[in-house]
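Q: My questions will all concern the structure given below.
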Amino acid sequence: MIVGGSLLLMLPMSSSENSFTPLLDSVFTATSSVCVTGLTTVDTATHWSTFGHIVIITLIQIGGLGFMTATSILALILGKRFTLSDRLIISEQMGMDNIKGMVKLIRYVIFSAFFIEGTGAILLMFSLVPQYGAKGIWYSVFHAISAFCNAGFDLFGNSLLDYTFNPYIIGIISLLIIIGGLGFGVYMDISSKKTKFQMYSLHTKIVLVTTFLLIISMTIITFVLESNNPSTLQNVGFFDRLTASFFQSVTLRTSGFQSMPQEQILDSTAAMSIPYMFIGGSPGATAGGIKTTTFALLFIVLFNEIKGSEDIVCFHRRIRFFVVRRAISIFILALLWVSISTIILLIVEPYPFIDILFEIVSAFGTVGLTRALTPHLQNLSKIIIILSMYLGRVGTMTVIFAFSEKNVKKGFKEAHGEVIIG
438 MIVGGSLLLM LPMSSSENSF TPLLDSVFTA TSSVCVTGLT TVDTATHWST
488 FGHIVIITLI QIGGLGFMTA TSILALILGK RFTLSDRLII SEQMGMDNIK
538 GMVKLIRYVI FSAFFIEGTG AILLMFSLVP QYGAKGIWYS VFHAISAFCN
588 AGFDLFGNSL LDYTFNPYII GIISLLIIIG GLGFGVYMDI SSKKTKFQMY
638 SLHTKIVLVT TFLLIISMTI ITFVLESNNP STLQNVGFFD RLTASFFQSV
688 TLRTSGFQSM PQEQILDSTA AMSIPYMFIG GSPGATAGGI KTTTFALLFI
738 VLFNEIKGSE DIVCFHRRIR FFVVRRAISI FILALLWVSI STIILLIVEP
788 YPFIDILFEI VSAFGTVGLT RALTPHLQNL SKIIIILSMY LGRVGTMTVI
838 FAFSEKNVKK GFKEAHGEVI IG
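This is the structure:
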């Protein structure tokens, strides 16, 4: 998808000036689109033609839903049967722990995605069509897909800076971002059990609680820190501060839209934003990062250790150890990649540490926010960002599994050894 998208974006017909786009810029944009990130080396609104915008939004849609979902749509249309291998891959992509009902899930994903995006587009039209005329219809569709897929690409030229204190636009975009970042398995669980929280699966409970706590906590942090910043929120009223702070928190769930210039927020706010971007969205969703469940599991392990619990328990359910082991592995691999990438960019680029770390984590978490660095990076740095976006979307463990040897079961276990901890 990235290679095909890059070739299409290189064509003169994809450029507003009818000229070839440099290879690295095309690859960067295609990767950012497929990996639903939003970082760009060229201005999306002015550099690309209508054809280029269609290529980008198509890549975003396929990247957001997942490649297997996109190919499954074609298979369903052609009436082809799903093999066991297909079902296994789909279950892995969707973050499900079994292959039961995969075809039903695919149908549900397709219907729910298009329904949510369509509803969002119609709601946006009420505001954008009066402002932009017929062009507002295209703007509404583009931004509804971009928001739901947590991509962050925009056609306004300055993201949502013109709508910072517009609760209608901010509210719709925020809702699309949040829904897109929860995961299709969560929608299905909620729709089947309605409002009975106690009946939801453990996964759904963890996703909902963690997402809620992350959004609320970062809203408060942004409100408190930026209220004294004359470049952002100091000179506006309480409700406007709350709206902008809420959206800053929501966009860190890997959407990439910005209602405040990220280069103008305080370094303290940027530093607090970094771990939230690193966490990202939820498994089986359109978001990236290490995922909310990975982050939650690390704290669940900590709380159970403090309590002296023999098992790892959450919401009266015991969590299997291999799940915790995988969460720890994902966290360590992600931390290693971010650390190494940051060091490389610090060597190559003249920018402050906080700005470079913000850029790397934003790419890895497929967030798409930048402190005005992306267009000015060296070619080596752009390649590092491309790889970060790819790893953040595909997943570090997926890449490791792809190149690792198959595990062969041994007929014995090694004797225990003692290690002193702490």
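The sequence shown finishes on residue 859 if you use the working numbering, and the numbering steps up by one all the way, no holes.
Note that beta-carbon positions come from the ideal geometry of N, C-alpha and C, so glycine has one too.
Give every residue of the same chain whose Cβ lies closer than 7 angstroms to the Cβ of GLY489, excluding the five residues on either side of it in the sequence, and list them in chain order.
A: Along the sequence shown, read from residue 1 onward, the residue named residue 489 stands at position 52. Result list for GLY489: LEU446, SER451 and SER452, in chain order.
Q: Going by the DSSP bridge assignment, what does SER456 pair with across the sheet?
A: Residue numbering aside, residue 456 sits at position 19 when the sequence shown is read from its first letter. Paired residues: none, contrary to the question.
Q: May I ask you to report which of helix, strand or coil DSSP gives VAL546?
A: As a working note, residue 546 is residue 109 in the sequence shown. Helix at VAL546.
Q: Within 10 angstroms of the Cβ of LEU773, are there 16 or more other Cβ atoms? Answer buried if so, exposed if not.
A: Within the sequence shown, residue 773 is the residue found at index 336, counting from 1. Burial call: exposed.
Q: Can you list, in chain order, the residues of its chain whose CB lies under 6 angstroms from that of PHE732, leaving out five sequence neighbours each side?
A: Here residue 732 is taken as the residue at index 295 of the sequence shown, counted from 1. Closer than 6 angstroms at Cβ, skipping near neighbours: ILE716.
Q: Taking MET454 as the reference, give the member of VAL471, VAL464 and SER486 with the closest Cα.
A: On the sequence shown, residue 454 is found 17 positions in, with the first residue counted as 1. First, the amino acid is wrong: residue 454 is Glu here, not Met. Among VAL471, VAL464 and SER486, the Cα nearest to that of GLU454 is on SER486.
Q: Among the residues of its own chain, which have a CB less than 8 angstroms from the CB of ILE615, if the five just before and after it don't count?
A: As a position in the sequence shown, residue 615 is number 178, starting the count at 1. Contacts found: THR648, ILE652, VAL687 and ARG690.
Q: With distances taken Cα to Cα, identify the nearest neighbour of ILE820 among PHE457, LEU476 and MET438.
A: Mapped onto the sequence shown, residue 820 falls at position 383. Looking at the Cα atoms, LEU476 is the closest of the given residues.
Q: Helix, strand or coil: which one does DSSP assign to VAL750?
A: Your numbering for residue 750 matches position 313 in the sequence shown. VAL750 falls in the strand class under three-state DSSP.
Q: For HIS640, count neighbouring C-beta atoms within 10 Å of its own C-beta (all shown protein chains included) and say buried if the count is 16 or more, exposed if not.
A: Translated into positions along the sequence shown, residue 640 becomes position 203. Label assigned to HIS640: buried.
Q: Let me know if LEU650 comes out buried or exposed under the rule of 16 or more other beta-carbons within 10 Å of its beta-carbon.
A: Here the question's residue 650 lines up with position 213 in the sequence shown. With fewer than 16 Cβ atoms within 10 Å of its Cβ, LEU650 is classed as exposed.
Q: Quick one: give me the first and last residue of the alpha helix (DSSP H) that LYS850 is part of.
A: Here residue 850 is taken as the residue at index 413 of the sequence shown, counted from 1. Premise fails: LYS850 is in no alpha helix (DSSP H) and is neither H nor E.
Q: TRP485 bridges to which residues according to DSSP?
A: Reading the sequence shown from its first residue, position 48 is the one you call residue 485. Answer by DSSP bridge pairing, in chain order: SER452.
Q: Which residues in the same chain as PHE465 place their Cβ atom closer than 8 angstroms to its Cβ, once the five residues preceding and following it in sequence are excluded?
A: On the sequence shown, residue 465 is found 28 positions in, with the first residue counted as 1. The answer, listed in chain order, is LEU476, THR477, THR478, LYS819, ILE822 and ILE823.
Q: Take the Cβ of GLN635 as the centre, count every other Cβ of all protein chains shown within 10 Å, and call the residue buried at 16 or more, exposed below.
A: On the sequence shown, position 198 is the one that residue 635 refers to. It counts as exposed.
Q: Return the chain-ordered ranges of every alpha helix (DSSP H) run that is complete within the stretch 632–679 and spans a minimum of 4 residues.
A: 639–663
Q: Using CA coordinates, which residue listed in ILE494, PHE593, CYS472 and ILE781 is at the minimum distance from LYS572?
A: For this step, residue 572 is matched to residue 135 along the sequence shown. The residue with the shortest Cα to Cα distance from LYS572 is PHE593.
Q: Select from ALA681, PHE675 and LEU703 the residue whose C-alpha is nearest the C-alpha of ASN666.
A: For the purposes of this step, residue 666 is taken as the residue at position 229 of the sequence shown. That would be LEU703, whose Cα lies nearest to the Cα of ASN666.
Q: Going by DSSP, what residue range makes up the alpha helix (DSSP H) through VAL578?
A: Position 141 of the sequence shown, counting from 1, holds the residue named residue 578. Its alpha helix (DSSP H) spans residues 572–585.
Q: Hey, would you say LEU613 sits closer than 8 angstroms to ALA588, going by beta carbons?
A: Position 176 of the sequence shown, counted from the start, is the residue given in the question as residue 613. Position 151 of the sequence shown, counted from the start, is the residue given in the question as residue 588. No. Outside cutoff.
Q: Buried or exposed: where does GLU855 fall if 16 or more other Cβ atoms within 10 Å of its Cβ makes it buried?
A: Within the sequence shown, the letter at position 418 stands for residue 855. Burial call: exposed.
Q: At the level of alpha carbons, what is the spacing between THR458 and VAL775?
A: Numbered from its first residue, the sequence shown carries residue 458 at position 21. Numbered from its first residue, the sequence shown carries residue 775 at position 338. Distance between the alpha carbons of THR458 and VAL775 is about 29 angstroms.
Q: Please identify the residue among PHE849, GLY802 and ALA839 whose C-alpha is closest to the C-alpha of TYR827.
A: Translated into the one-based positions of the sequence shown, residue 827 becomes position 390. Comparing alpha-carbon positions, the option among PHE849, GLY802 and ALA839 lying closest to TYR827 turns out to be GLY802.
Q: Quick check on the DSSP output: the alpha helix (DSSP H) that includes ASN595 runs from which residue to which?
A: One-based indexing of the sequence shown puts residue 595 at position 158. DSSP places ASN595 outside any alpha helix (DSSP H), giving it a letter other than H or E.
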